[in-house]
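These notes concern the structure reproduced below.
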Amino acid sequence: MSNENGIERRKIVVAGLDNAGKTTILALIRKKMVDSSLIKPTRGISRAEAEILGKNVAIHDFGGQKVYRDSYFKDKRFLAATDAFIFVIDLQDIERYDLALEYFDRALGEFAKHGISPMVFIFYHKYDHHYQEKYQEEDERIIRTFENLTNKIEATCKRNGMALSGTFTTSVYNEWSCFSSFHEVWVSLYSQFGSVQEYLSELCGKIPEARMILLLDKDANLIAKKISGTSTGISLEKLQAISGSSIILMNEWTKSGIYDQEEPIANATMKIKESTVMVQKVPAGEDVYYLVILTESGNYEPFKQTIVSISNFLGAFLAKLK
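Just so we're aligned, residue 26 is where the sequence shown starts under this note's numbering, counting upward by one.
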């Protein structure tokens with residue numbers, strides 16, 4: 026963690042071999058996080074900053090070419106103040122698993138040598154096409170090779186005195202897999218996110234009809250989620266996209282003057298097949314969030330007031346986190 030100009034900032038380092046897919050993953054993440062900006066890169070390192078729920082994070086993408094891999098370990102500043110270390114492994118590049126493990130081992134060793142203890146995450150990337158098909162078909166060679174890889178990853182962490190905080194399978198053909206995996210890393214860095222998740226779950230227990238509940242920021246970035254009950258056929262990613270469009274429309278209507286009431290639009294309701302989606306504005310001090318609720322029932326009137334009450338409590342809670 027670092028503190029620049031009085032702003033607390035977390036640092037995430039993303040590393041892996043060349044062509045592992047790091048830069049593509051981060052490009053997808055930046056696309057989904059509207060409040061992000063690229064910083065002038067250091068040679069071999071691309072840096073971006075983003076903000077969610079008033080929290081700042083600097084994301085450092087370490088180039089995977091050997092000349093760059095060697096340089097990172099010659100200057101402690103590259104690794105200093107790292108809060109989370111994401112190592113990306115190309116699942117389809119089986120011939121270079123050993124080289125990737127060697128790089129991973131060296132990186133953890135350098136962290137340990139300098140007394141830096143980041144949370145460690147593995148993104149098993151390019152889980153798609155023929156590799157995914159063979160894995161799902163329980164191809165013996167693929168399964169055995171993957172299990173061997175995961176065992177070596179865990180052993181490498183233990184050898185360097187570090188815990189493995191999480192592993193994820195990702196693919197650029199499933200953008201949500203990349204974003205949701207990064208979101209889990211992000212959440213782990215701030216205890217406030219955990220408390221938001223717990224508080225959201227507690228409040229929304231009052232709406233048993235809900236099958237999916239999301240808390241989004243003003244740019245439709247996911248803050249917290251609660252999924253329960255049976256599937257409605259609407260994915261989390263689709264629900265987030267629908268809600269983002271609704272938020273934009275609500276704001277445009279308010280600004281246009283077409284809406285003839287003095288108060289700005291605070292909620293919207295949509296019927297999708299047999300499900301109902303409700304988007305409720307959640308003011309939180311100077312900030313605004315949105316509560317999204319998906320139910321299987323077409324009749325939301327019985328718990329409409331409950332949703333307003335929940336948004337008020339949630340807004341007060343979020344305002345205190347700033």
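All C-beta atoms, glycine included, are put in the ideal place defined by N, C-alpha and C.
Less than 8 Å between C-beta atoms, sequence neighbours within five positions excluded: which residues of the same chain meet that for T48? If the five residues before and after T48 are omitted, its C-beta is found closer than 8 Å to the C-beta atoms of S71 and D86, all from its own chain and listed in chain order.
With L126 as the anchor, note down where its alpha helix (DSSP H) starts and where it stops. From DSSP, the alpha helix (DSSP H) with L126 extends over Y122 to K138.
Same chain only: Cβ atoms within 6 Å of Y160, ignoring 5 sequence neighbours per side: Beyond the five residues adjoining it in sequence on each side, Y160 comes within less than 6 Å, by CB distance, of I167 in the same chain, given in chain order.
Residue range of the unbroken alpha helix (DSSP H) whose run includes L343: From DSSP, the alpha helix (DSSP H) with L343 extends over K329 to K345.
I believe T107 touches V38 by the beta-carbon criterion, under 8 Å. Please report the beta-carbon distance rounded to the nearest angstrom. Their Cβ separation, rounded to whole angstroms, is 5 Å, which keeps T107 and V38 in contact under 8 Å.
What is the DSSP secondary structure of L174, counted as helix, strand or coil? In the displayed model, L174 falls within a helix according to three-state DSSP.
DSSP three-state assignment for A106, whether helix, strand or coil: DSSP places A106 in coil when its eight states are reduced to three.
Answer yes or no: do Q222 and A245 have a C-beta to C-beta separation smaller than 8 Å? Taking the C-beta atoms as reference points, A245 is found no nearer than 8 Å to Q222.
Residue closest to G88, alpha-carbon to alpha-carbon, out of A45, I54 and E120: Across the set A45, I54 and E120, the C-alpha of A45 shows the shortest separation from the C-alpha of G88.
Looking only at C-alpha atoms, which of L104, A105 and L126 sits nearest to I114? Ranking the options by Cα distance to I114, first place goes to L126.
Inter-stretch contact (C-beta, 8 Å, three-pair minimum) for the segment 228 to 238 and the segment 174 to 186: Contact between the segment 228 to 238 and the segment 174 to 186 is absent, because fewer than three Cβ pairs lie under 8 Å.
Starting from the C-beta of I297, find all residues in its chain whose C-beta is less than 8 Å away, skip the five residues before and the five after it, and write them out in chain order. Cβ within range, chain order: I259 and I267.
Considering only residues of the same chain and omitting the five flanking positions on each side of L53, which have a CB-CB separation below 6 Å? So the list reads E200 and C203, once near-sequence residues are dropped.
Quick check: what's the CA-CA separation for S142 versus F136? In a straight line, the C-alpha of S142 is about 7 Å away from that of F136.
Starting from the C-beta of F98, find all residues in its chain whose C-beta is less than 6 Å away, skip the five residues before and the five after it, and write them out in chain order. Taken in chain order, the residues that qualify are E135.
Three-state class that DSSP yields for G269 in the structure shown: Correct three-state label for G269: helix.
If you check the beta carbons only, do I318 and I248 fall under 8 Å apart? Contact: no.
If you run the structure through DSSP and keep just helix, strand and coil, what is K151? Note: K151 maps to coil in three-state DSSP.
May I ask you to report which of helix, strand or coil DSSP gives Q117? The answer is coil: DSSP assigns Q117 none of H, G, I, E or B.
Please look up how many angstroms separate the CB atoms of S190 and F146, rounded, as I've assumed it's under 8 Å. Contact flag correct, Cβ pair sits at about 6 Å.
Let's test the definition: count the other Cβ atoms within 10 Å of the Cβ of H150 and tell me whether it reaches 16, buried, or not, exposed. Flag for H150 reads buried.
To the nearest angstrom, how far is it from the Cα of F110 to the Cα of M144? Between F110 and M144, the C-alpha separation is close to 6 Å.
Q305 - partner residues in DSSP beta bridges: Beta-bridge pairing links Q305 to N292 and L316.
With C-beta atoms as the reference, is I290 less than 8 Å away from L316? Their beta carbons are not under 8 Å apart, which means I290 does not touch L316 by this criterion.
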